[in-house]
Amino acid sequence: MNSFGKTVLITVLTLVLMTSVFVYAHEENSDGHLSGAHSHKKYQKLKNPVKPDAKALEEGKSLYAAHCAACHGGSGNGNGRTMKAADFTSGKLRHGSTDGEIYNLISHGSKAAGMPAWKGTLTSLDIWKLVHVIKLFNKG
Ligand code: HEC
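Take the sequence shown: its position 69, counted from the start at 1, is 588 in the numbering used here, and no numbers get skipped.
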């Protein structure tokens, strides 16, 4: 390979490397989550498999009261007993407002900020029920 070829090759490799570092850094930081408002393209389009019927909402609300209200407050306004957490009634969710994004956030948490990951503690269907509850709060 001549030196021009080598230069091109090195440039291409450097670009590929920089892009992957950028993509990785953009996906996650050390706590597995980004700070600041953002959305999660990968999860945005996930469909909620649970229909928001009376039974599912009832179950969602009791899960919320048991696991979430201590931090997020009984009415979802972020005024919990143990800490001030995200306010769901503000009309804007920092981590994205689609079903899939809310599901992802509840599953994986935002640990550095104090939001636990619920995957493992709650079943995936329970988390989807909670997504409906969060959206009800978010509507005001
Ligand atoms: C120990 C306190 C605590 C508990 C318990 C908790 N959360 Fe959170 N939650 C937080 C904090 C703090 C944040 C803000 C995270 C951030 O700013 O990145 C948060 C953020 C969120 C968000 C993202 C809000 C946004 O603006 O995008 C959702 C959704 C959420 N919590 C749902 C839940 C659900 C559902 C439960 C119960 C299964 C729960 N949380 C239990 C502390 C808690």
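From the three backbone atoms N, C-alpha and C, an ideal C-beta is built for every residue, glycine too.
Reduced DSSP category for residue i - H, G, I as helix; E, B as strand; rest coil
i, result
"Lys-611", "coil"
"Lys-638", "strand"
"Ser-629", "strand"
"Cys-590", "helix"
"Asp-618", "helix"
"Thr-601", "coil"
"Val-569", "coil"
"Ala-556", "coil"
"Gly-579", "helix"
Distance between residue j and residue i (C-alpha atoms, nearest Å)
i, j, result
"Trp-637", "Asp-572", "23 Å"
"Gly-555", "Arg-613", "7 Å"
"Leu-565", "Thr-617", "8 Å"
"Thr-640", "His-627", "11 Å"
"Lys-603", "Asn-596", "9 Å"
"Val-531", "Lys-561", "27 Å"
"Pro-568", "Val-650", "11 Å"
Residue i - containing alpha helix (DSSP H), residue span
i, result
"His-651", "643-657"
"Lys-560", "560-563"
Cβ-Cβ separation, residue j to residue i (assumed contact under 8 Å), whole Å
i, j, result
"Thr-608", "Asn-657", "7 Å"
**Asked** Three or more C-beta pairs closer than 8 Å, one from the stretch 645-652 and one from the stretch 615-633: is that the case here?
**Response** yes
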